[in-house]
Amino acid sequence: MRKVALIFIAMGMLLFGGCSDITADHIKKEANDKTENVADKDNEYVAMVKNGNPVDYPDKTFGNCFENFFGSPTWKHFESDEEVNVVEFTGECTYQEVPVKARIQFIIAADGGSFEVGYLSFNEVPQDMLTTTALLSTAFDSYTSAPQGETNSEKGEAHNASQINETDEPVGYISFNNVKASSELAESKQADYIAQNTRDSVKETAWVEGRSGNGIGEWILFADNSQKEISAIEILSGYHKNKDLYLKNNRVKKIGIEFSDGSYIESALEDSFGMSNTITLEQPVKTSSVKLTILDVYGGTKYQDTCISEIDFIGR
Ligand SMILES: [Ca+2]
Ligand SMILES: [Ca+2]
28 MRKVALIFIA
38 MGMLLFGGCS
48 DITADHIKKE
58 ANDKTENVAD
68 KDNEYVAMVK
78 NGNPVDYPDK
88 TFGNCFENFF
98 GSPTWKHFES
108 DEEVNVVEFT
118 GECTYQEVPV
128 KARIQFIIAA
138 DGGSFEVGYL
148 SFNEVPQDML
158 TTTALLSTAF
168 DSYTSAPQGE
178 TNSEKGEAHN
188 ASQINETDEP
198 VGYISFNNVK
208 ASSELAESKQ
218 ADYIAQNTRD
228 SVKETAWVEG
238 RSGNGIGEWI
248 LFADNSQKEI
258 SAIEILSGYH
268 KNKDLYLKNN
278 RVKKIGIEFS
288 DGSYIESALE
298 DSFGMSNTIT
308 LEQPVKTSSV
318 KLTILDVYGG
328 TKYQDTCISE
338 IDFIGR
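My numbering applies: residue 28 is where the sequence shown begins, and numbers increase by one.
Shown next as structure tokens:
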């Protein structure tokens with residue numbers, strides 16, 4: 028493993044090659060591209076990265092390996108502020124046995140003929156080169172041993188949010204730069220209860236409001252500098268550390284959702300341990316913020332603390 032990782036470090040410093048005719052033919056054979064969400068698939072840079080291969084895996088492409096290894100794979104191209112062409116891949120995987128959303132950026136060389144891996148984050152937390160190379164080697168090794176044609180998406184393991192909307196950009200999980208709450212329960216010996224716990228992809232951690240009583244009117248706010256288009260919101264309501272704590276604490280029964288344009292909806296949530304509530308918006312909403320307010324709760328048997336373990340946004 029160490030050896031493989033070191034090889035990949037060396038590769039990380041080098042530019043990866045573009046696609047060859049051999050790999051292009053290989054791609055054609057696998058014409059059933061399961062990632063129909065890839066609206067940008069005709070984009071030449073996306074195609075270049077997907078059809079490209081690391082020197083150590085000359086017969087395997089990033090496209091095939093990533094779409095085999097990650098759930099809900101999406102690809103897109105954009106030009107950075109520095110006018111550099113970037114191809115960005117996002118997908119779901121596990122890191123140290125915790126489910127995470129990975130974001131991998133490939134930097135296209137100025138001549139447009141080659142690319143290198145420039146950035147990796149898990150749940151928007153940037154990772155170092157060692158982790159990046161280890162992830163790549165795992166993804167490529169995994170593809171080597173996977174049965175042909177069986178991908179995560181086909182097995183239904185991954186949540187595929189991309190079918191909600193078929194437009195020019197892929198739909199997937201999106202994130203906001205900032206999260207804050209009107210109150211947070213003070214940290215205990217066991218855990219903290221900060222607003223960011225709703226965005227760590229760990230169901231055992233939760234935001235818990237810190238107001239005395241049931242916390243009706245307490246809110247959590249997600250905001251960003253740029254506009255997003257939100258199609259749906261997934262809420263894992265309640266404290267999902269275990270079922271006992273779930274029942275002892277409050278769960279949200281009704282939630283208010285306000286967007287940056289002032290539009291507002293209310294939604295009833297079901298009380299079911301282990302199940303997210305998905306709120307699908309009638310129309311996708313363009314917004315730079317989402318404010319979720321507790322309007323009613325299912326009362327806990329022991330505490331008047333209202334908890335939300337996870338909040339995910341689907342859009343683009
Ligand atoms: Ca959490
Ligand atoms: Ca409370």
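We put the beta carbon where it would ideally sit given N, CA and C, even for glycine. Everything numeric in this text was worked out from a predicted model, so none of it was measured.
**Asked** Could you give the uninterrupted runs of the beta strand (DSSP E) lying entirely in the segment 68-122, keeping only those of 3 residues or more?
**Response** For the segment 68-122, whole beta strand (DSSP E) runs of length 3 or above, ordered along the chain, are 98-106, 112-122.
**Prompt:** Quick one: is the Cβ of Lys270 within less than 7 Å of any heavy atom of ligand 1?
**Reply:** Checking every heavy atom of ligand 1 against the Cβ of Lys270, none is found closer than 7 Å.
**Prompt:** Taking just the CA atoms, how far does Ala137 sit from Ser336?
**Reply:** 43 Å
**Message:** Is any non-hydrogen atom of ligand 1 found closer than 7 Å to the C-beta of Ser264, if you look at the structure I gave you?
**Reply:** Result no, Cβ not under 7 Å from ligand 1.
**Local conformation of Lys313 per DSSP, three classes** = strand
**Request:** Could you round the C-beta distance between Ile306 and Ile262 to whole angstroms and report it? I think they count as a contact, below 8 Å.
**Result:** 7 Å
**Alpha carbon of Lys230 to alpha carbon of Cys334, nearest angstrom** = 11 Å
**Request:** Would you kindly check if the distance between the Cβ of Ser258 and the Cβ of Val198 is under 8 Å?
**Result:** yes
**Request:** Just the C-alpha distance for Ala295 and Pro126, rounded to the nearest angstrom, thanks.
**Result:** Their backbone Cα atoms lie some 27 Å apart in a straight line.
**Message:** Considering just the uninterrupted stretch of the alpha helix (DSSP H) at Asp271, what are its terminal residues?
**Reply:** 270-275
**Item:** Asp332, buried or exposed, once every other Cβ within 10 Å from all chains shown has been counted against 16
**Value:** It is buried - the Cβ of Asp332 has at least 16 other Cβ atoms within 10 Å.
**Item:** Closest Cα partner of Arg167 within the set Glu143, Gly283, Asn91
**Value:** Note on identity: in this sequence residue 167 is Phe, with Arg being the wrong assignment. Considering only alpha carbons, the answer is Asn91.
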